[in-house]
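So the protein sequences, as listed, match chains A and B. For the record, in the first sequence the residue sitting at position 33 is 34 according to my numbering, with numbers rising by one throughout. For the record, in the second sequence the residue sitting at position 25 is 26 according to my numbering, with numbers rising by one throughout. Yeah, the Cβ is synthetic: ideal placement off N, Cα and C, and Gly gets one too. No experiment lies behind these values; they were computed from the predicted model shown.
Number of protein chains: 2
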Amino acid sequence: MYKEKDEHIGIYTSHTIKAIIRFLTTELKQFDITPEQWIVLKRLAANDGITQKELAVLADKDRPSITRILDILEQKELARKEKHHTDRRSFSVFITPRGIELKNQLLPFLEDVYEDRILKAITDEELEVYRRVLEKMNRNIEGV
Amino acid sequence: MYKEKDEHIGIYTSHTIKAIIRFLTTELKQFDITPEQWIVLKRLAANDGITQKELAVLADKDRPSITRILDILEQKELARKEKHHTDRRSFSVFITPRGIELKNQLLPFLEDVYEDRILKAITDEELEVYRRVLEKMNRNIEGV
DNA sequence: AGTATATAGTTAGTATAGAAACTATTTTAA
DNA sequence: TTAAAATAGTTTCTATACTAACTATATACT
């Protein structure tokens, strides 16, 4: 079908994702948050009080990234860090009331953005195949 | 089907692409080139002598990015810039013999990486739907 | 117990994207 | 034809990912 996979799958996927992230960045600008900061806030909201390391795993970030993003979330008073009670190397991370408020706004907002705009005219069947392809690619390169 | 699109489509796509780029970065390390540098080299090979601006459009890069990536490709002696003959603001960009050699190695190498590894066990039908979903998403957010 | 190893987090360096300001030119238009 | 606007490219700043080196603390081993 698509003989040039680098071109028709690799580069085209990369192009599309960049476009989606640009789009989401623009949409989220009114909330003064980036898509990457959103992932961290979302994971934190669902797992309040976990350590920075656990948050990094859940948000799919490496340690330097989670350090930087948490610095930003702290500046914006969306999250705060406390010294861990028993392990003095660690921090426990908490979401603030402002963070909860923003999360409650963004959850439905983003669902609407996906439903009404990004995924418009795409059927559930197509999305199911799309997701299955992603899962297979993940499995294929897993542990590398 | 997938009710939480942000989660099951947005964040999961983002996770997968990051994994693929990490995988490709590792695979390309032996050739001392990154995936982003590769896109530029590939477009340059197919359009030798075009301006930096045209190259930026073809490689899907903004102008600061193309400046930086070309600097790196010049350092590696894979590309070179010449002052444009008629427009003194512009540069014409050329691929070097070393660049051509690397491109001739990488084109088949990457096809094998996709065919045998990244896209293993994914059918042509699934890939067709996958590509169609990407196209629809692109159209949906186009011009934003 | 004391040393070696592992772990949590930070910092620094490279590569990338994107916005904004800047320089040098070219084009447009008054 | 000269002033204004547009364009090509660079530089700077912020945000991100990733690697490696670093600090502080905890765990394991002898």
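Within 10 angstroms of the beta-carbon of A:Pro36 lie 16 or more other beta-carbons, which makes it buried.
Scanning its chain for C-beta atoms nearer than 8 Å, with the 5 sequence neighbours on each side dropped, one finds around A:Asp33 the residues Lys77, in chain order. Out of A:Arg81, A:Ile18, A:Tyr3, A:Glu8, the CA that lies nearest to the CA of B:Ile142 is found in A:Ile18. Between A:Thr124 and A:Phe92, the C-beta spacing is not below 8 Å. At a beta-carbon threshold of 9 Å, the residues of chain A lying near B:His9 are Leu128, Arg132, ordered along the chain. Listed along chain A, no residue sits closer than 7 Å to B:Asn105 by beta-carbon distance, the nearest being about 14 Å off. At a cut-off of 8 Å between beta carbons, A:Leu71 makes no contact with chain B. As the crow flies, the alpha-carbon of B:Ile67 is around 13 Å from that of B:Lys43. Sequence-ordered contacts of the region 37-64 of chain A with chain B read Ile40, Asp61 [C-beta pairs closer than 7 Å].
In the displayed model, A:Glu83 falls within a strand according to three-state DSSP. Residue state for A:Ile101 is assigned as helix, using DSSP reduced to three classes. The C-beta distance from B:Asp61 to A:His16 rounds to 5 Å, short enough to meet the 8 Å contact threshold. For A:Leu120, the C-beta contacts it makes with chain B under 9 Å involve Lys6, Ile10, Val134, Lys137, Met138, Asn141, in order along the chain. Residue environment for B:Gly100: buried (at least 16 other C-beta atoms within 10 angstroms of its C-beta). Taking the C-beta atoms as reference points, A:Lys104 is found no nearer than 8 Å to A:Val94. Interface annotation, A:Ile96: not in contact with chain B, CB-CB separation never under 8 Å.
Within chain A, the residues Lys4, Glu5, Lys6, Asp7 have their CB atoms less than 9 Å from the CB of B:Glu112, given in chain order. Judged by beta-carbon spacing, A:Tyr115 lies beyond the 8 Å limit of B:Tyr131, meaning their Cβ atoms are not closer than that value.
Less than 8 Å divides the Cβ of B:Leu74 from the Cβ of B:Gln38. A straight-line Cα-Cα distance of about 29 Å links A:Val41 and B:Arg140.
Looking at the DSSP output, B:Thr52 shares a beta bridge with B:Ser93. The beta carbons of B:Met138 and A:Glu129 sit no closer together than 8 Å. Close to A:Ile21, with beta-carbon spacing below 7 Å, are these residues of chain B in chain order: Met138, Ile142.
Secondary structure at A:Thr124: coil, using DSSP grouped into helix, strand and coil.
Burial is judged here by how many other beta carbons sit within 10 angstroms of a residue's own beta carbon; A:Gly11 has at least 16 and is buried.
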